[in-house]
Amino acid sequence: MENPSAFPMGEPNDGFAQYFVGQSYLAPVLETPQIAIHNVTFEPGCRNNWHIHHNAAQVLIAVGGRGYYQIEGQEPKEFKAGQAVCIPADTKHWHGAAPGESFSHLAFMIPAGDPASMSNEWLEPVDAEAYGKLA
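Using the numbering used here, the letters of the sequence shown map in sequence onto residues 15 to 149.
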């Protein structure tokens, strides 16, 4: 797969593969004691399961290709390079590539209180039929 962004694509995201439908890749961009930023690249049709970041907001900055994100109770929103979103702490959501296109975003967490209290809760896959209706 060709890298859709200027950031490194990284290695197959095997450590989190069980929480994704399709293949994703993970590359560290910046790792300091204060913040870690990773580039996540999704092959066409790849998306992560619904999940919640407890005690942390998640910032996503689209850097290549075309994808979607969705917050529970809202419609999916198209996500293209140059756009950014902040998913509030403790909010059920998913994100990933559009059905026929690859996608990359930078991801980092903003603690809501003690960084040691941050955790991820992985939930069910995105409904395949609903995802398949996205253009």
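No residue lacks a Cβ here, since even glycine has one placed at the ideal position from N, Cα and C.
Remember, predicted model here, so these are calculated numbers, not experimental data.
As computed with DSSP, Q84 is found in a beta bridge with W108. Judged by DSSP in its simplified three-state form, A142 adopts helix. The beta carbons of H67 and N134 sit closer together than 8 angstroms. Between the alpha carbons of V54 and A121 lies a distance of about 7 angstroms. Distances from the alpha-carbon of A144 to those of F56, A112, S38, K106 put A112 closest. Setting aside the 5 residues that flank it on each side, P125 is surrounded in the same chain by N69, A70, M132, each with a C-beta closer than 7 angstroms to its C-beta; the list follows chain order. Secondary structure of P129 (DSSP, three-state): helix.
Proximity of the region 22-31 to the region 72-82 falls short of the contact definition, fewer than three beta-carbon pairs being nearer than 8 angstroms.
Taken through DSSP and simplified to helix, strand or coil, A103 comes out as coil.
Within the DSSP secondary-structure output, M123 pairs in a beta bridge with Q72.
When the Cα atoms are used, V43 and L148 turn out to be separated by approximately 30 angstroms.
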